[in-house]
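Q:
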Amino acid sequence: MRDYLLTLCVTAAVTYLLTGPVRKFAIATGAMPEIRARDVHREPTPRLGGIAMFFGLCAGLLVADHLQNLNSVFEVSSEPRALLSGAALIWIIGVLDDKFEIDALIKLGGQMIAAGVMVMQGLTILWIPVPGVGMVSLSDGQGTLLTVALVVITINAVNFVDGLDGLAAGMVCIAAAAFFLYAYRLSVSHGIEAAAPATLFTAILMGMCLGFLPHNMHPARIFMGDSGSMLIGLVLAAAAISITGQVDMDVLKLFEGGDREGTHAALPVFIPLLLPLTIIAIPLADLILAIVRRTWNGKSPFAADRGHLHHRLLQIGHSHSRAVLIMYFWSALIAFGVVGYSVHSASLWIVIVIVGMSAVGLVLLLLPRFTPRAPRWAESFVPPRYRRRKNVAAPPAPDAPESAPESASEAPAAPSGTPEHARAQTGVNGATALGSRSRTSDRRKAGTRG
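Number 463 marks the last residue of the sequence shown (the numbering used here); no jumps.
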């Protein structure tokens, strides 16, 4: 566990430290697209956050290769090399899309090629557990098709939920944490060495997300873009493929005994088949609903709109931060609930807790106007929006003007001695920016309401 935590911390530190320079690089190269009608943010924000995440992935793999307890993963298995090859390819495609907006079909072809590269290097599904049968071996063609399908579905599911500040990184981090607990249990408790690569992948994935989240929480200073969302989706899919298709659950000897006892004992065998679907249950549901909605309306499944789950949460009255936290809650409930049930499948209290937490989640959905208030002793530790308002009116300034400007056009101009570049940078989301960008002109170009 110490080596995994060290790898996670190094990955998070490298990602966090590189995100700031990457943000300035994105602004300098013009990787700040105009605000579109479907966007939630109202200020131009740089992309290319996936660059920092990719170098965090490389740093995590490099550190793990030099650790005594994790070096065997690289010596015995070719999966880390396969992951790095596929990640590099999908990352390059994402960087090009963030800068030049490439076609959706080209991106889909790139995703399939990246999955094929991983298959060629050994990261593929060899067998799957089937209820009532056990472990079923797959042919090369069947394993390749199933692997490519899982990679493409996972990448696009993660990409679809990347619509609010911190949403995709937080949900993938929650999914990776649940996956890490399950893979670590198989690797350490049951002594299955084939589960070690998936454990390493999920630890690195958590570090990538945790290192990027401080820069991406609302209001975001930088977006991960497709270079980041497709990258973390591929890493998550690689972990699912590794533990689903590479680990032979027959070594646990769970089918011995009577039928009823064997059925209860064999539940962990089928968890790897379900876990990859449950950890992306929310993104996958959003993906399926989007395809059905767009096809029903006569549009392309790749046509963007404002009908995603996070958009609907905003429409019914939830704030930006509250909508993100609700999505976090449901992702954690589903992922950790399945992992907990796989450990103690016969425990009734796990089902009771899941049902109770689901009721709490439904109440949160029905109270969009409710704003929690922190107790007075904790007000100094929470954001201002959670503090109690004070009714004491501040006295007016003696030289204050009678009325404030009603619009931005009536606002006082900058002093004549102010440099031109300093006056032109107020419309960029963040503290520093390069180049002259006007917030008003960007909004008019995007066709959004001010």
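For every residue, glycine included, the Cβ atom is placed at its ideal position computed from N, Cα and C.
(1) Could you tell me the alpha carbon to alpha carbon distance between W362 and Y195, rounded to whole angstroms?
(2) Quick check on S152: does DSSP put it in helix, strand or coil?
(3) Grab the span of the alpha helix (DSSP H) containing W104 for me, first residue to last.
(4) Going straight from the alpha carbon of G99 to that of M131, what length do you get?
(5) If you drop the 5 nearest sequence neighbours on each side, which residues of the same chain put their C-beta closer than 8 angstroms to that of V337?
(6) Enumerate in chain order the residues of its own chain whose CB-to-CB distance from M219 is below 7 angstroms, with the five nearest sequence positions on each side excluded.
(7) Looking only at its own chain, which residues have a Cβ that is under 8 angstroms from the Cβ of V23, when we skip the five neighbours before and after it?
(8) Let me make sure I understand the geometry here. Which of R36, L121, A65, T42 has the alpha-carbon closest to that of F113?
(9) In the DSSP assignment, find the unbroken alpha helix (DSSP H) run with L61 in it and report its ends.
(10) Report the three-state DSSP secondary structure of E415 (helix, strand or coil).
(11) Please state whether the Cβ-Cβ distance between M125 and V171 is less than 8 angstroms.
(12) Is the distance from the Cβ of A162 to the Cβ of L136 below 8 angstroms?
(13) Within a Cβ cutoff of 7 angstroms, which residues of the same chain sit near T157, ignoring the five residues on either side of it in sequence?
(14) Going by the beta-carbon positions, is the gap between V108 and F68 smaller than 8 angstroms?
(15) According to DSSP, W4 sits in a beta bridge with which residue or residues?
(16) The alpha helix (DSSP H) with G224 in it runs from where to where?
(17) For D239, which of helix, strand or coil comes out of DSSP?
(18) Tell me whether N82 sits in a helix, a strand or coil according to DSSP, three-state version.
(19) Check D178 in the structure and name its three-state DSSP category.
(20) L61: which of M14, L223, S242 sits nearest, CA to CA?
(21) Do you know whose CA, among Y197, I115, D116, lies nearest R15's CA?
(22) With V201 as the anchor, note down where its alpha helix (DSSP H) starts and where it stops.
(23) Going by alpha carbons, who is nearest to A294 out of V366, M340, A252?
(24) In the DSSP assignment, find the unbroken alpha helix (DSSP H) run with K120 in it and report its ends.
(25) Measuring only the C-alpha atoms, how far is V373 from V366?
(26) E392 by DSSP, collapsed to three states: which one?
(27) If we count the other Cβ atoms within 10 Å of its Cβ and call it buried at 16 or more, is T257 buried or exposed?
(28) Where does N172 fall in DSSP's three states?
(29) Let me know if V89 comes out buried or exposed under the rule of 16 or more other beta-carbons within 10 Å of its beta-carbon.
(30) Have a look at V86 and P93 and give me their C-alpha separation to the nearest angstrom.
(31) Given a threshold of 16 other Cβ atoms within 10 Å of its Cβ, counted over all protein chains shown, does L375 qualify as buried or as exposed?
(32) Ignore the nearest five residues each way along the sequence and tell me which others in N82's own chain have a CB closer than 6 angstroms to its CB.
(33) Pop quiz: R140 and S152 are said to be a contact at Cβ under 8 angstroms. What is the actual Cβ separation, rounded to whole angstroms?
(34) Just to confirm my understanding: we take L326, look at its own chain, exclude 5 residues before and 5 after, and list those with CB closer than 7 angstroms. What are they?
(35) Helix, strand or coil for R325? Go by DSSP, reduced to three states.
A: So, from the data block:
(1) Going by the C-alpha atoms only, they are around 19 angstroms apart.
(2) Looking at S152 - three-state DSSP - the assignment turns out to be coil, as it is neither helix nor strand.
(3) Here the alpha helix (DSSP H) through W104 covers 92-113.
(4) One C-alpha to the other measures close to 6 angstroms.
(5) Result list for V337: L177, D178, G179, L180, G183, H231, H323, in chain order.
(6) Around M219: L21, C186, A189, A190, F193.
(7) If the five residues before and after V23 are omitted, its C-beta is found closer than 8 angstroms to the C-beta atoms of A72, G73, V76, G220, all from its own chain and listed in chain order.
(8) Per the Cα distances, T42.
(9) L61 -> no alpha helix (DSSP H), and no H or E assigned at all.
(10) Annotation note: pLDDT 49 at E415 (below 50); position unreliable, coordinate value reported separately. Here DSSP, grouped into helix, strand and coil, assigns E415 to coil.
(11) In this structure, the beta-carbon distance from M125 to V171 does not fall below 8 angstroms.
(12) In this structure, L136 does not lie closer than 8 angstroms to A162 by Cβ.
(13) Excluding positions up to five away in sequence, the list reads V132, T137.
(14) No. Outside cutoff.
(15) For residue 4 there is no data in the structure shown, the boundaries of the chain being 14 and 463.
(16) Start and end: 209-229.
(17) Of the three classes helix, strand and coil, the one that applies to D239 here is helix, per DSSP.
(18) Coil, per DSSP.
(19) D178 falls in the coil class under three-state DSSP.
(20) Ranked by Cα distance from L61, the first of M14, L223, S242 is S242.
(21) Considering only alpha carbons, the answer is Y197.
(22) Here V201 belongs to no alpha helix (DSSP H), and DSSP marks it neither H nor E.
(23) Measuring from the Cα of A294, the nearest candidate turns out to be M340.
(24) For K120, the enclosing alpha helix (DSSP H) stretches over residues 117-133.
(25) C-alpha separation (whole angstroms): 11 angstroms.
(26) In this structure, E392 counts as helix in the three-state DSSP scheme.
(27) It is buried - the Cβ of T257 has at least 16 other Cβ atoms within 10 Å.
(28) DSSP places N172 in helix when its eight states are reduced to three.
(29) It counts as exposed.
(30) Each residue's Cα considered, the two are about 8 angstroms apart.
(31) Exposed, because fewer than 16 other Cβ atoms sit within 10 Å of the Cβ of L375.
(32) For N82, same chain residues with a beta-carbon under 6 angstroms away, outside a window of 5 residues either side, are D16 in chain order.
(33) What sits at residue 140 in the sequence shown is Trp, not Arg. Incorrect: roughly 11 angstroms between the Cβ atoms, too far for contact.
(34) Same-chain partners within the cutoff: A336, I339.
(35) Look at R325 here: in three-state DSSP terms it is helix.
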